[in-house]
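Enquirer:
There are 2 protein chains.
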Amino acid sequence: MLSNTEENYLKGLFHLTGEDPAKPEAGTNELATHLNVKPATVNDMLKKLKQKKLIRYEKYGKISLSPEGRQRAIEVLRKHRLWETFLYQKLDFTWDEVHEVAEQLEHIQSKKLIEKLDQFLGHPEVDPHGEAIPAANGELKTQPRKTLAEISIGKTCKMMSVKDNTASFLQYVVKVGLGISSNIKVIDRQEYDAMLAIEVDGKVSNVSQKFAENIFVA
Amino acid sequence: MLSNTEENYLKGLFHLTGEDPAKPEAGTNELATHLNVKPATVNDMLKKLKQKKLIRYEKYGKISLSPEGRQRAIEVLRKHRLWETFLYQKLDFTWDEVHEVAEQLEHIQSKKLIEKLDQFLGHPEVDPHGEAIPAANGELKTQPRKTLAEISIGKTCKMMSVKDNTASFLQYVVKVGLGISSNIKVIDRQEYDAMLAIEVDGKVSNVSQKFAENIFVA
DNA sequence: ATATAAAGTTAGACTTACCTAACAATTTTA
DNA sequence: TAAAATTGTTAGGTAAGTCTAACTTTATAT
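Here the protein sequences come in this chain order: A and B.
According to the working numbering, the first sequence is numbered sequentially starting from 177.
According to the working numbering, the second sequence is numbered sequentially starting from 177.
1. Based on DSSP bridge pairs, tell me the residues matched to residue 395 (chain B).
2. For residue 160 (chain A), go through chain B and note every residue whose CB falls closer than 7 Å to its CB, in chain order.
3. Can you give me the C-alpha to C-alpha distance between residue 338 (chain A) and residue 308 (chain A), rounded to a whole angstrom?
4. Quick one: Cα of residue 127 (chain A) to Cα of residue 371 (chain A), how far?
5. So who's on the other strand from residue 233 (chain B), going by DSSP bridges?
6. Might you give, ordered along the chain, the residues of its own chain that have their beta carbon closer than 7 Å to the beta carbon of residue 147 (chain A), omitting 5 neighbours on each side?
7. Which residues bound the alpha helix (DSSP H) around residue 286 (chain B)?
8. Output, in chain order, the set of chain B residues within a Cβ distance shorter than 9 Å of residue 277 (chain A).
9. Grab the span of the beta strand (DSSP E) containing residue 228 (chain B) for me, first residue to last.
10. Output the distance between the C-alpha atoms of residue 203 (chain B) and residue 242 (chain B), rounded to the nearest integer angstrom.
11. With DSSP collapsed to three states, give me the class of residue 179 (chain A).
12. What do you get for residue 305 (chain A), buried or exposed, if any count of 16 or more other CB atoms within 10 angstroms of its CB means buried?
13. I'd like to know whether the C-beta atoms of residue 293 (chain B) and residue 245 (chain B) end up nearer to each other than 8 Å.
14. If the cut is a Cβ gap below 7 Å, which residues of chain A does residue 280 (chain B) touch?
15. Counting only Cβ pairs nearer than 9 Å, list the residues of chain B close to residue 268 (chain A).
16. Got a sec, what are the start and stop residues for the beta strand (DSSP E) residue 392 (chain A) sits in?
17. What do you get for residue 184 (chain A), buried or exposed, if any count of 16 or more other CB atoms within 10 angstroms of its CB means buried?
18. Does the pairing of the segment 326-334 of chain B with the segment 281-296 of chain B give three or more beta-carbon distances under 8 Å?
19. Please work out which residues of its chain come closer than 7 Å, Cβ to Cβ, to residue 377 (chain B), disregarding the five sequence neighbours upstream and downstream, and give them in chain order.
20. Within this structure, are the beta carbons of residue 250 (chain B) and residue 222 (chain B) separated by less than 8 Å?
21. Which one or two residues does DSSP pair with residue 335 (chain A) in a beta bridge?
22. Pick helix, strand or coil for residue 270 (chain B), following the three-state DSSP scheme.
23. Give me, in chain order, the residues of the same chain whose beta-carbon lies closer than 7 Å to that of residue 194 (chain A); leave out the 5 immediate sequence neighbours on both sides.
24. Taking Cβ to Cβ, would you say residue 381 (chain B) is nearer than 8 Å to residue 374 (chain B)?
25. Would you list the residues sitting across from residue 202 (chain B) in a DSSP beta bridge?
Structure representation (C-alpha cells):
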C-alpha cells in the first residue's frame, strides 16, 4: 500500500516523463518544483521509492519510473480522471473546479469503488479536459500530440485537450471562447514575442506563446 | 482546517457521547478502545483538541465535545452518511460494504462537493443503515431510540436502523432475514442468557442479547 | 477504610514527510 | 579548460501521530 505522498511522487514523475517517450527521465530539482517541495525532500523520497523498486535511480543520475511504478502512477491517473468526469458530468462542477477536488479523491483506496464509478459513468474515454482516461488494465491511449504553438499561419485545427489544469488557466481558456472541440484558425504570429492571433467562432483573440503551448490540437 | 486524525477523534467522541444525552461524557481509555489506539496517544490528542477549543476536558476528568467540536463532528457524520448513500444507491454497493469506503471519503474537503452530492442524491434523510443524515445546517434529528433487546415478549416492532456498522454484523443481520423496515415479532426470551426468539416474515430465528442491542426498532 | 484494580498521565522513542544550511558533483560558459 | 552556475546530496532538525514503560490518580470491593 502506498501513502498519498508516494502516489503523488509517482504521479509527478509520470507527468514529467511518462507521457512523452522523448523525455523519459527527470531530475531532482525538476520534480521538487513540480511537487512544491524542496530538492532535499525529493532526495529522501527517491531513496525510498528506489528501495521499493518503483523507480530507477542512481546517485547524481536521472530518475525514471520502473514498470511497476508506472503502473501505479497510471492507476492514480485513472482515478483522478474518472473522479473529474464524475464531478463534471454528475455534480455540475465547472471545468476549472474539478482538478482540485480530484486531487483528494484520487487517493481513495477501493478497487470496487473505481470500477463501479467507471461503470456508472458509462466507461468514459476522456476527462473534462480532453485527456484520455487509462483503462482498468492500465492501458493508456497516447497519441503524439501537437500544441497550438506548433500550428502554422493560416491553418485551422481542433482543440483536443489542455496541458495545464490549473483553475486560472482554464478560466482564461473559457474567456478566449475556447473549449474541447473548438475549431481554431491561426491568423498571425508575431516575430517578436510569438504572440498568436487566433480566430474562434468568428472572434479574434491574441494569446501568448505560453498559452498556446498548453493547448493540444489536432 | 482539521486533520483526518482530528476529525476521527471528534467523530469518535460524538459516537460515544453526542448521540445520547444520558451519557454526555467519555473517558480516555474508552476513546482509545473505540479508535484502536493506546490511551497515551489519546491523551496527547486531548491536549491538542482542548487547546483548539473543540473539547472540554480537565486532567483526570471526563471528556465532552464543545459546541464547536460537536458541530465539526456532525459535519463529518453528514459527509460519511451521504457518501454511504451514494455508494449504496448509485454504485450498487451492498449494505456491509459502504462503511469502510465512506470512512475514507468523509475526509474529502470541499463544501461544494458535499452540497452537490446531497442534491444529486435528492436530499436523502437516512443512510443505508437507517441512520439520520444531518442537515447542511448541522441539525440532526435524534429520536429517542429503543433496541430490539428492550421489546417485550409477544410484541411486534419495526426495524429502523443498526447501531453497529461492521461488515460482519451487517452480514449476519441479512442472514437472519432482517433489513430496514422489517417487522419483527419477539416470540420468547431465555431467562438464562437473554437469547431472543424472533419471527421475521414467518421465519423464526434465535439471536443473542448482543445482537438485539445493535438493532434499533420502533 | 484501605488495598487492589482500573483509568489516566508522563517521558522518551519511532516513522513519515517536510525543512534549512552546508557541501559535492556536474554542467555550462567565457 | 577552468571558473561560475546549476543541480544534487547529506546532516541535522521539526511536527504529527503513534508506541512502550513507568508512574499517578481515582474508583471498587471487601
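Glycine residues also receive a C-beta, built at the ideal position from the N, C-alpha and C atoms.
Expert: According to the structure shown:
1. Limits of chain B in this structure are 177 at one end and 394 at the other, which puts residue 395 (chain B) out of reach.
2. Within the shown structure, residues of chain A are numbered from 177 to 394, placing residue 160 (chain A) beyond reach of any answer.
3. Near 11 Å, if we compare the C-alpha coordinates of residue 308 (chain A) and residue 338 (chain A).
4. Past the boundaries of the shown model lies residue 127 (chain A); chain A is included only from 177 to 394, so the question cannot be answered.
5. In the DSSP secondary-structure assignment, residue 233 (chain B) is bridged to B:239.
6. Only positions 177 to 394 of chain A appear in this structure, which leaves residue 147 (chain A) out of reach.
7. According to the DSSP assignment, residue 286 (chain B) belongs to no alpha helix (DSSP H), since it is labelled neither H nor E.
8. One finds 284, 285, 286, 288 and 289 in chain B with Cβ atoms closer than 9 Å to the Cβ of residue 277 (chain A), taken in chain order.
9. Where residue 228 (chain B) is concerned, there is no enclosing beta strand (DSSP E), because DSSP gives it neither an H nor an E.
10. Rounded to whole angstroms, the gap between the alpha carbons of residue 203 (chain B) and residue 242 (chain B) is 15 Å.
11. Reduced to three states, the DSSP call for residue 179 (chain A) is coil.
12. It is buried - the Cβ of residue 305 (chain A) has at least 16 other Cβ atoms within 10 Å.
13. No, these two residues do not count as a Cβ contact at 8 Å.
14. Within chain A, the residues near residue 280 (chain B) are 284 and 285.
15. Under a criterion of Cβ atoms nearer than 9 Å, the residues of chain B adjacent to residue 268 (chain A) are, in order, 292, 295 and 296.
16. For residue 392 (chain A), the uninterrupted beta strand (DSSP E) segment begins and ends at 391-393.
17. Using a 10 angstroms sphere on the CB of residue 184 (chain A), the tally of other CB atoms reaches 16 or more, which defines it as buried.
18. In short, these stretches do not touch, since the Cβ pair count stays below three.
19. For residue 377 (chain B), same chain residues with a beta-carbon under 7 Å away, outside a window of 5 residues either side, are 353 in chain order.
20. Not in contact: residue 250 (chain B) and residue 222 (chain B) (Cβ atoms no closer than 8 Å).
21. DSSP lists A:393 as partners of residue 335 (chain A).
22. Of the three classes helix, strand and coil, the one that applies to residue 270 (chain B) here is coil, per DSSP.
23. Here the set comprises 241, 246 and 249.
24. Against a cut-off of 8 Å, the Cβ pair of residue 374 (chain B) and residue 381 (chain B) comes out as a contact.
25. The partner list for residue 202 (chain B) (beta bridge, DSSP) reads B:239.
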